[in-house]
Structure formats: C-alpha cells, structure tokens
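The structure under discussion appears below in the form of structure tokens.
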Amino acid sequence: MTSLQRVFGKNVGYWLIAPAALWLGLFFLVPLLSLFTTSLSDPSGNPIAGYRFAGRFANYVDVIADYWPYFVRSLVYAGIATVLCLVLGYVLAYAIAFKAGRWKTVMLVLVIAPFFTSFLVRTLSWKLILADNGFVVESLQWLHVLGEDGRLLATPFAVIAGLTYNFLPFMILPLYASLEKIDPQLLEASQDLYASPWKGFWSVTWKLSIPGVVGGTLLTFIPASGDYINASLLGNPNTQMVGNKIQALFTTAGDYPHASALSVILMVLILVMVLVYVRRAGTEELL
Amino acid sequence: MHRAGNWIGKHLMITLGILVLIYMYIPNFVVALMSFNDSSGSRNLYQFQAFTWDNWLNPCEPNGMCESLRVSVEIALVATIVATILGTLASFALVRHRFEGRSTMNLLIFLPMATPEIVMGSSLLALFVAAGMGGSLGFVTILIAHILFCLSFVVVTVRTRLAGLDSNLEKAAMDLYANEWQTFWRITFPLVFPGILAAALLAFSLSFDDFIITNLNSGTTVTFPMFVWGSAQRGIPMQVNVIGTAMFLISLVIVAAGEIGARRRAKMLAQR
Chain A
405 MTSLQRVFGK NVGYWLIAPA ALWLGLFFLV PLLSLFTTSL SDPSGNPIAG
455 YRFAGRFANY VDVIADYWPY FVRSLVYAGI ATVLCLVLGY VLAYAIAFKA
505 GRWKTVMLVL VIAPFFTSFL VRTLSWKLIL ADNGFVVESL QWLHVLGEDG
555 RLLATPFAVI AGLTYNFLPF MILPLYASLE KIDPQLLEAS QDLYASPWKG
605 FWSVTWKLSI PGVVGGTLLT FIPASGDYIN ASLLGNPNTQ MVGNKIQALF
655 TTAGDYPHAS ALSVILMVLI LVMVLVYVRR AGTEELL
Chain B
38 MHRAGNWIGK HLMITLGILV LIYMYIPNFV VALMSFNDSS GSRNLYQFQA
88 FTWDNWLNPC EPNGMCESLR VSVEIALVAT IVATILGTLA SFALVRHRFE
138 GRSTMNLLIF LPMATPEIVM GSSLLALFVA AGMGGSLGFV TILIAHILFC
188 LSFVVVTVRT RLAGLDSNLE KAAMDLYANE WQTFWRITFP LVFPGILAAA
238 LLAFSLSFDD FIITNLNSGT TVTFPMFVWG SAQRGIPMQV NVIGTAMFLI
288 SLVIVAAGEI GARRRAKMLA QR
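Heads up: the protein sequence lines correspond to chains A and B, in order. With our numbering applied, the first sequence corresponds to residues 405 to 691, in that order. With our numbering applied, the second sequence corresponds to residues 38 to 309, in that order.
Structure follows, in structure tokens:
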C-alpha cells in the first residue's frame, strides 16, 4: 500500500474508516445521548419548541408504573416467536445445508426472496389468511380446535404468528451459515462409534451450530421485541407491545420525554439480556 | 432400526424443510392472488371477490400511491449509494489495516444491528427535535436515518467477502510488476465486487421496506410503506398488491440474472 500511504501518510486505515465512523457517531451515538437527555426533560414542552432538560427521573417511575404490562407482553411474545422461529428455522436451515444437494443456492434464494414484497403488505395478508370467515378459522372450527365463535385474528396467537413469520429469515441465515461449515465426516465418525442418529445430532451437529443458534435468536428476538407492526395490524388493544406505546407517545401524544424513557428502558433491557445470554452460551466472540 | 433412521434422515428433513418454505410463501401467494381481485362494489377488502386485470392495467390509480413509490425509490437509491461507499471503505480499513480503536469500531458497527428499530428511530427524532429541526422533518432526515441503518449491514456483508479473499492473488500481481493501483482495480476490486453488489441490494431492500424508523422521522413526506400503513385502516387498495408482486418478480429476475452471469464467468475462467 505504498502510494496510498504516500498520499495519506501512515494512517490510511483512519482515513478509510473516518466517514463511516463519523456517520455512526453523529447519527447513532449522539442521538442515543439525546434520547437520554430527552427522557429526563420536563414533559410540558412540545416537539417544535423542544423540551427543557430537568433531570426528571420521575419520568422513568411514571412509565414503569403505567406501562409495565407492555414490556411483559413485548418480551413474552418476542420470546415465544423466537423459539418458534428456532424450531422452524433449524429444520429448513438443516435441510438446505445437508439435504438440498444441487438445489442449495436455489433454496437459499427462495428463503430471502419473500423479503422483496414489502413486509407491511405481507403482514396485512395475514389478516386475510386468519380472517373470521377464512379457510383456516373454518377448518379449525370444523375440527373443534376452535369454538363456534372462536377466532384467530385480533388475538395474541395472531400477533405471535405474525412475528414468527416476519423474522424467520433472520433466524435461517445465521443457522445455515454455521451448519454449512460442519464437516459431514464428523457425523459419520459419531455413527461409526455407535452413536444413534439422535445422539449424533445432539453431540455433534447441535453443538457445532451453537454460534448460529445464538446469532439467529438475537437477530430474531431484538427486532421482534421492539416491533409494533404485527401487534397493530393483527392484534387488539389488549395485545399492544411496548413499541406501540413508544410510537403513540411520540407521534399522536407528542409526549417525547415519557416516550424517550420507554425507549431507554427497552434498550437497556435488551442490552442486559443479550450480554447475559451471550455469556451463558459462551459465544462472546460473536460481539 | 438403523435403516429407518437413515430414511428419516434422508427424506423427512427435506420434506419438513420444504413445508417451512411453503409456509414462508403463503403471504406472497395471497398478495399475488389479491392483485387480481376486483374489489369494486365490496366493503370487505380482505376477501377475494372476482377476477380482474384492472389493477395491473391501472397500477397508479390510487391517489398518491405512485408518488409515494417514487419517493421510496429515490430515498433507497441515494441511501444505497452513500451507505455502500462508506461501508465499503470501512470494510477495507477493518480487514486490511491495523489501527488503534479497531475493536471499538467493530462494536460501533455491530451496535445499530442490535438496537431495536423503534429505539434507533426515536433517538434520531429526539436529536432532530433537540437540534431545532422538529418542524422540518422530511426527505433529508429520512435519508440520514436510512444511510445509518444500511451502513452496518453493508460493512458486515463486504467485510465477510474481503476477509475470505486470497491475498496471494494480489501478491502475485505485484510480483508481476503491477503497481498498486493496477492491482487494486484489476484484482482486488473485481474479486470483492460481488460482495459490494450483494451489500447494495441488501441496503436497497432495507431502505425501500423500512417503516418503523421512517414513520418517526418523516414529517409530512410519504414513502410507500407509509402509504400502505396509512391506507391499511380503511383497507388497502388492490394496486398495493400489484406493486408488492411486481417488486418480488423484478428482484427474482435480478437475482437470477446475477446467478447466471456468475456461472457463465466461472465457466469462461475454467475454459481458459
């Protein structure tokens, strides 16, 4: 890298990274700080004039007292959706990595392709699939899984189903990446040593895919816990998640300090959970 | 028993895998189906009534939809170009250069991906309002936000490609008296290019599809996802399904063309 070094001196690396670092600093770190100061401001301001900083920690007390059920729902729905994604995603990622043969690339493209239809439009289509007089509900009623006037739309089930559907690709790709690296000979070796296929799976395949499992669950759980689209479109007022509240406080109520406090709590909750989880899984190097 | 296990291993997993894949496509089928729905004269917009070509023939009929589409494409194009350039430069720095603060930088690039969109969107809004821009939210603030969240994904994609590159090829070029510039443009860049292209495609689709962050920072500007959201309360116009299906088909064609191109190049190289 001699001529580049002649122009920029020894620190080519700095010059290359500077624009991205500046952008991330200015529009990611500084805003987080701004979010924090706003969360301690006097709620009696307005979005155009701005909010006066008041060191008002009471904002945090207010939102926890008023909105804690929203946090519980967010974490529970996102948790269930993540487990469902892991089961479904593992099956598909495993099939692509080990069983798809020459169809591997095609199947991988097919996993990503649904993304290209706007996700709002796809989520809205679940409204039609789960509708009260739709095929799914009527079949379940006929099977007596659902009661005569039982419904799916506007229930927690619909919200979790929507979350699972929306974030499944985020689970599949990291899982596939770590499954694909596994040498099939390791599995053969375990079978030569008389391990049952089931035992072979747990002691070889599953163990080696842990980095993908951790990466995939994070990529699913984090966005799912902040999501409000599925709860808005497929749920009812009693299935709202913390994202719904934050967005409503910002856009309709114009109460930025309380909305910011909610946002800060969500961010801290997730950071703590991620750190504990990654520690316990022994995959710190992912960070 | 052993043979049964083998059979299960061979066919059950691929069958289950294909079932999961079908599940992932149910909404796309529904969207494609509804793009042919004749919704006139019906109040229930979430049910198929009658077949028609009208929606495909007059895609821009709903008020404001195609304008919002244009806004989304413009934002996505600019955001993609800026994020791809900044992200590619950063990837080169991270893979090819040692400098102090490298691990901090890696963390800074990882963090936005580990932040829920609602937090990122609201913190940007808090900043814009604190900076006195609360009244002038719009195209520029959306663009700033989109470049931000695309950037990390570009770096991750390009970095992986760059790290997997065999540096012996560059050394060989230098041994053959190519200068550094020639080596970069004739060896390094063409080898990294598929990664850059993939990153750009990813950035475009992320930007085009974003709703949560955009909704907080858009002011009165309406992007396509915001148009869909706004009309969802009344029931979306069927043309929205046309756009969704068309986007899906166009991107499949682009991906297929890229794949065929890559295969042909590989074949040509092999024949040489």
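Virtual Cβ for every residue (Gly too), placed ideally from N, Cα, C.
Three or more beta-carbon pairs drawn from the region 626-641 of chain A and the region 153-160 of chain B are found closer than 8 Å, and the two stretches are therefore classed as touching.
Chain-order list of chain B residues neighbouring Val-676 (chain A): empty, with the shortest C-beta distance near 12 Å, by a criterion of under 8 Å. With contacts defined by Cβ atoms closer than 7 Å, Ile-576 (chain A) and Val-515 (chain A) form a contacting pair.
Contact annotation: Thr-521 (chain A) and Phe-625 (chain A) have beta-carbon atoms that are not nearer than 7 Å.
Setting aside the 5 residues that flank it on each side, Gly-493 (chain A) is surrounded in the same chain by Leu-572, Met-575, Ile-576, Leu-579, Gly-620, each with a C-beta closer than 7 Å to its C-beta; the list follows chain order. Here the alpha carbon of Ile-287 (chain B) sits roughly 28 Å from the alpha carbon of Leu-534 (chain A). For Asp-470 (chain A), the enclosing alpha helix (DSSP H) starts and ends at 462-498.
Residue burial annotation: Phe-248 (chain B) is buried, with at least 16 other C-beta atoms found within 10 angstroms of its C-beta. In the pairwise beta carbon analysis, the region 258-273 of chain B is classified as touching the region 101-112 of chain B: at least three pairs are separated by under 8 Å.
DSSP, read as helix, strand or coil, puts Gly-201 (chain B) in coil.
At least one CB atom of chain A sits nearer than 7 Å to the CB of Ala-151 (chain B). Residue pairing for Gly-454 (chain A): DSSP places it in a beta bridge opposite A:Asn-450. Taking 7 Å as the cut-off between beta carbons, none of the residues of the region 546-565 of chain A comes near chain B. Rounded to whole angstroms, Leu-638 (chain A) and Asn-74 (chain B) show a C-alpha spacing of 22 Å. In the three-state reduction of the DSSP assignment, Ser-288 (chain B) falls in the helix class, which pools H, G and I.
Between the region 194-210 of chain B and the region 122-135 of chain B, the count of Cβ pairs shorter than 8 Å is three or higher; the stretches touch. Proximity of Val-495 (chain A) to chain B, defined by a Cβ-Cβ separation below 7 Å, is satisfied. Listed as beta-bridge partners of Ser-189 (chain B) by DSSP are no residues whatsoever. The beta carbon of Leu-528 (chain A) lies closer than 8 Å to those of Leu-637 in the same chain, with the five residues before and after it left out.
For a cut-off of 8 Å, the C-beta gap from Asn-254 (chain B) to Ala-182 (chain B) is around 5 Å, short enough to register as a contact. With a threshold of 7 Å between beta carbons, Met-575 (chain A) makes no contact with chain B. At a cut-off of 7 Å, the C-beta of Phe-654 (chain A) has a neighbouring C-beta in chain B. In the pairwise beta carbon analysis, the region 545-563 of chain A is classified as not touching the region 91-100 of chain B: fewer than three pairs are separated by under 8 Å. With a 10 Å radius around the Cβ and a threshold of 16 neighbouring Cβ atoms, Leu-567 (chain A) comes out buried.
Interface with chain A (7 Å Cβ-Cβ cutoff): Ala-210 (chain B) is excluded. Around the Cβ of His-48 (chain B), a 10 Å sphere holds fewer than 16 other Cβ atoms; the residue is exposed. Comparing alpha-carbon positions, the option among A:Pro-423, A:Ile-650, A:Gln-651, A:Thr-442 lying closest to Phe-165 (chain B) turns out to be A:Thr-442. Rounded to whole angstroms, the separation of the alpha carbons of Tyr-481 (chain A) and Pro-231 (chain B) is 38 Å. Assigned with DSSP and collapsed to three states, Ser-445 (chain A) falls in strand. Take Met-211 (chain B), set aside five residues on each side of it, and the residues of its chain with a beta-carbon closer than 8 Å to its own are Glu-217, Thr-220, in chain order. Identification of residues in the region 585-600 of chain A having a C-beta nearer than 8 Å to some C-beta of chain B yields Ser-600, given in sequence order. DSSP, read as helix, strand or coil, puts Phe-85 (chain B) in coil. Burial is judged here by how many other beta carbons sit within 10 angstroms of a residue's own beta carbon; Lys-649 (chain A) has at least 16 and is buried. Within chain B, the C-beta atoms nearer than 8 Å to that of Trp-530 (chain A) come from Pro-64, in chain order. Put simply, of B:Pro-153, B:Ile-51, B:Ala-293, B:Phe-186 the residue whose alpha carbon is nearest the alpha carbon of Ala-113 (chain B) is B:Phe-186. From the listed residues B:Ser-128, B:Pro-153, B:Phe-88, B:Asp-91, the smallest Cα separation to Leu-436 (chain A) is found for B:Pro-153.
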